[in-house]
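> Starting off with a structure, shown below.
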Amino acid sequence: MASFDILDQSLDKAVPKTSRALVAERLWDIHTTPFGFPSQPSLNHFYDEHFSENGYYTRQCRLFNQLPSALSVDTHAHAADVAGLLRKNLHRKELLEQICTTLGPDEQAKHQKSINLVTRLVLMMKVGEVEQDPFGGSVEWESGTLREFVQSCFGQPSRLGHERMKLEKNFNGRNLERIAGIEIKWTDNLLDHLKLKSDDRVVLVFAHAAFLKAQKHSDLYPPGFVDETLRTLALLFPQDKKNTPAWFKKLDRASPSQLDCHLIKCGILGTEARQFENFPFWHDRLVMLKQVYNEARPQSIWQLWHDSRHPVQWYTVWTAVLVIILTITFGFISSIGTAIQVYIAWKQWGAEVSHT
Numbered sequence: 086m087a088s089f090d091i092l093d094q095s096l097d098k099a100v101p102k103t104s105r106a107l108v109a110e111r112l113w114d115i116h117t118t119p120f121g122f123p124s125q126p127s128l129n130h131f132y133d134e135h136f137s138e139n140g141y142y143t144r145q146c147r148l149f150n151q152l153p154s155a156l157s158v159d160t161h162a163h164a165a166d167v168a169g170l171l172r173k174n175l176h177r178k179e180l181l182e183q184i185c186t187t188l189g190p191d192e193q194a195k196h197q198k199s200i201n202l203v204t205r206l207v208l209m210m211k212v213g214e215v216e217q218d219p220f221g222g223s224v225e226w227e228s229g230t231l232r233e234f235v236q237s238c239f240g241q242p243s244r245l246g247h248e249r250m251k252l253e254k255n256f257n258g259r260n261l262e263r264i265a266g267i268e269i270k271w272t273d274n275l276l277d278h279l280k281l282k283s284d285d286r287v288v289l290v291f292a293h294a295a296f297l298k299a300q301k302h303s304d305l306y307p308p309g310f311v312d313e314t315l316r317t318l319a320l321l322f323p324q325d326k327k328n329t330p331a332w333f334k335k336l337d338r339a340s341p342s343q344l345d346c347h348l349i350k351c352g353i354l355g356t357e358a359r360q361f362e363n364f365p366f367w368h369d370r371l372v373m374l375k376q377v378y379n380e381a382r383p384q385s386i387w388q389l390w391h392d393s394r395h396p397v398q399w400y401t402v403w404t405a406v407l408v409i410i411l412t413i414t415f416g417f418i419s420s421i422g423t424a425i426q427v428y429i430a431w432k433q434w435g436a437e438v439s440h441t
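Here is the structure:
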């Protein structure tokens, strides 16, 4: 069976391995190895993960197929056709007209849901509400072009100030967990990246670094957005920290599905690159996350031991603890010595009494 015949299969079925590169090519207009992947095998590994039975593409297709009303897009080929229309950056109304021409006249509701599905597949943003989605958090694209819509989602001016705040080298995902007690939870939705949840005890992190690397050529996102998002991952998962791989393996074991190994291969940020001014798209969420990190107080001896945010205070506290421990130890030793002396004196007194 030829690849194009396979693409005519239902969206309910996962894309076969032999056709995943073709689907990616048509979905994202990828014809050569994108910058960021060292080799074609690395790119193929990404395709295998993304289009697998449990991959993002398959899960979204099956989620939309649970909707009460059917989709006008019902094959992988149809999805690829609509993706091609999305890249033309048409207004939503024009896009609907084009879909009617490409796929035939149908109920408008079916076309609208199909556009939302393919937009999710192309951008990894939750566009369009789906009642069956247990996590929610979607946005609606109702008018304008797709680029305008994406710009409105990520291109808002910063509202928060960052005076007297720095993104120090010790500000990373590992320290968020072990010092501030902030749990990292993974999200497939770019819109939720770096969002704080559960009374600031959880931060959502976009889990698909390989996808971002494959989108470096995309003009659907605002200029610089993809690179900046990768830098936020480099901030949280520093490639130059020796303990990052071991900590990442721990996260991988705790995750219900295998994590993207590219999360810890997003580069190294120097002092200049770690300035808040270099993160215009994610500025406010980084500021809020840094505020929570700065204000967190150790809740256990373990957290206190690893809390090196304030070196002078850290040395003062642990020097005081050491002095207390030594005082107690020497006091205990002194007490034992005194007890031994009393015991010896008592024995001597008993011996003298028995002789008299």
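Basically my numbering = 1-based index in the sequence shown + 85.
Backbone N, C-alpha and C fix where the C-beta goes; we use that ideal spot for every residue, glycine too.
1) With DSSP collapsed to three states, give me the class of T230.
2) Can you give me the C-alpha to C-alpha distance between F149 and P190, rounded to a whole angstrom?
3) So F131 and A292 are supposed to be a Cβ contact under 8 Å. How far apart are they, rounded?
4) Assign G140 to buried or exposed, taking buried as 16 or more other Cβ atoms, counted over all protein chains shown, within 10 Å of its Cβ.
5) If you follow the beta strand (DSSP E) that V207 is in, where does it begin and where does it stop?
6) Residue range of the alpha helix (DSSP H) that L276 falls in?
7) Return helix, strand or coil for T143, following the three-state DSSP convention.
8) With DSSP run on the structure shown, which of helix, strand or coil describes H293?
9) Would you check if the distance between the CB atom of Y142 and the CB atom of A265 is smaller than 8 Å?
10) Taking the C-alpha atoms as reference points, what is the distance between I91 and D325?
11) If you draw a straight line from the alpha carbon of L275 to that of K211, how long is it in whole angstroms?
12) Using alpha carbons as the reference points, say which of A331, I184, R382, K178 lies closest to A165.
13) Report yes if the CB atom of F136 is closer than 8 Å to the CB atom of V108, and no otherwise.
14) Within the same chain, show all residues whose beta-carbon is closer than 6 Å to that of V311, passing over the 5 residues directly before and after it, in chain order.
15) Would you check if the distance between the CB atom of T317 and the CB atom of L289 is smaller than 8 Å?
16) Rounding to the nearest angstrom, what Cα-Cα distance links L354 and L188 in this structure?
17) What's the call for Q145, buried or exposed, on a 16-neighbour Cβ count within 10 Å?
18) Note down, in chain order, each residue of its chain lying with its Cβ closer than 6 Å to the Cβ of D285, except the 5 sequence neighbours on either side.
19) What separation, rounded to the nearest whole angstrom, lies between the Cα atoms of I409 and D133?
20) I believe F234 touches E313 by the beta-carbon criterion, under 8 Å. Please report the beta-carbon distance rounded to the nearest angstrom.
21) Evaluate P242 with the Cβ neighbour count: other Cβ atoms within 10 Å of its Cβ, from every protein chain shown; 16 or more gives buried, anything less gives exposed.
22) Check whether the Cβ atoms of G222 and D304 sit closer than 8 Å, and answer yes or no.
23) Quick check on K282: does DSSP put it in helix, strand or coil?
24) Where does the unbroken alpha helix (DSSP H) through Y378 begin, and where does it stop?
25) Taking 7 Å as the limit between beta carbons, can you name the residues of its chain near W403, skipping five residues before and five after?
26) May I ask you to list the residues that DSSP assigns as paired with I269?
27) Give the DSSP-derived three-state secondary structure of T356 in the structure shown.
28) Less than 8 Å between the C-beta atoms of K198 and L156, yes or no?
Looking at the atomic coordinates:
1) Numbered from 1 along the sequence shown, position 145 holds the residue referred to as residue 230. Here T230 sits in strand by DSSP.
2) Position 64 of the sequence shown, counted from the start, is the residue given in the question as residue 149. Position 105 of the sequence shown, counted from the start, is the residue given in the question as residue 190. Answer to the nearest angstrom: the Cα atoms are 20 Å apart.
3) Counted from its first residue, the sequence shown places residue 131 at position 46. Counted from its first residue, the sequence shown places residue 292 at position 207. Actually they are not in contact, since the Cβ atoms of F131 and A292 sit about 13 Å apart, beyond 8 Å.
4) Within the sequence shown, residue 140 is the residue found at index 55, counting from 1. Looking at its Cβ environment, which holds 16 or more other Cβ atoms inside 10 Å, G140 is buried.
5) The residue labelled residue 207 in the question sits at position 122 within the sequence shown. Segment 193-208 is the alpha helix (DSSP H) holding V207; no beta strand (DSSP E) there.
6) Along the sequence shown, read from residue 1 onward, the residue named residue 276 stands at position 191. Careful: L276 lies outside any alpha helix (DSSP H) and carries neither H nor E.
7) Here residue 143 corresponds to residue number 58 of the sequence shown, with the count starting at 1. It is helical.
8) Mapped onto the sequence shown, residue 293 falls at position 208. DSSP places H293 in coil when its eight states are reduced to three.
9) Taking the sequence shown and counting its residues from 1, one reaches residue 142 at position 57. Taking the sequence shown and counting its residues from 1, one reaches residue 265 at position 180. No.
10) Here residue 91 is taken as the residue at index 6 of the sequence shown, counted from 1. Here residue 325 is taken as the residue at index 240 of the sequence shown, counted from 1. If I take the Cα positions, the gap works out to 43 Å.
11) For the purposes of this step, residue 275 is taken as residue 190 along the sequence shown, with counting starting at 1. For the purposes of this step, residue 211 is taken as residue 126 along the sequence shown, with counting starting at 1. Cα to Cα, the separation comes out at about 8 Å.
12) On the sequence shown, position 80 is the one that residue 165 refers to. Looking at the Cα atoms, I184 is the closest of the given residues.
13) Within the sequence shown, numbered from 1, the residue matching residue 136 stands at position 51. Within the sequence shown, numbered from 1, the residue matching residue 108 stands at position 23. In contact: F136 and V108 (Cβ atoms closer than 8 Å).
14) Within the sequence shown, residue 311 is the residue found at index 226, counting from 1. Answer for V311: L297, Q300, K301, listed in chain order.
15) Stepping through the sequence shown from its first residue, residue 317 is reached at position 232. Stepping through the sequence shown from its first residue, residue 289 is reached at position 204. Contact: no.
16) Indexing the sequence shown from 1 puts residue 354 at position 269. Indexing the sequence shown from 1 puts residue 188 at position 103. Whole-angstrom Cα-Cα distance: 47 Å.
17) Stepping through the sequence shown from its first residue, residue 145 is reached at position 60. Under this definition Q145 is a buried residue.
18) By one-based count along the sequence shown, residue 285 stands at place 200. V377, listed in sequence order.
19) Here residue 409 is taken as the residue at index 324 of the sequence shown, counted from 1. Here residue 133 is taken as the residue at index 48 of the sequence shown, counted from 1. Spanning the two alpha carbons is a distance of roughly 58 Å.
20) Here residue 234 refers to the residue found at position 149 when the sequence shown is read from its first residue. Here residue 313 refers to the residue found at position 228 when the sequence shown is read from its first residue. Actually they do not touch by this definition, with Cβ atoms about 19 Å apart.
21) Your numbering for residue 242 matches position 157 in the sequence shown. Answer is exposed; the Cβ neighbour count stays below 16.
22) Position 137 of the sequence shown, counting from 1, holds the residue named residue 222. Position 219 of the sequence shown, counting from 1, holds the residue named residue 304. No.
23) Along the sequence shown, read from residue 1 onward, the residue named residue 282 stands at position 197. Three-state DSSP puts K282 in a strand.
24) Residue mapping note: residue 378 aligns to position 293 of the sequence shown, counting from 1. Segment 368-380, the alpha helix (DSSP H) holding Y378.
25) Position 318 of the sequence shown, counted from the start, is the residue given in the question as residue 403. With a pLDDT of 46 at W403, under the threshold of 50, the predicted position of this residue should be treated as unreliable, and no value is reported.
26) Here residue 269 is taken as the residue at index 184 of the sequence shown, counted from 1. Note: I269 sits in a beta bridge opposite V288.
27) Your numbering for residue 356 matches position 271 in the sequence shown. Three-state result, T356: coil.
28) Indexing the sequence shown from 1 puts residue 198 at position 113. Indexing the sequence shown from 1 puts residue 156 at position 71. Taking 8 Å as the Cβ cut-off, K198 and L156 qualify as a contacting pair.
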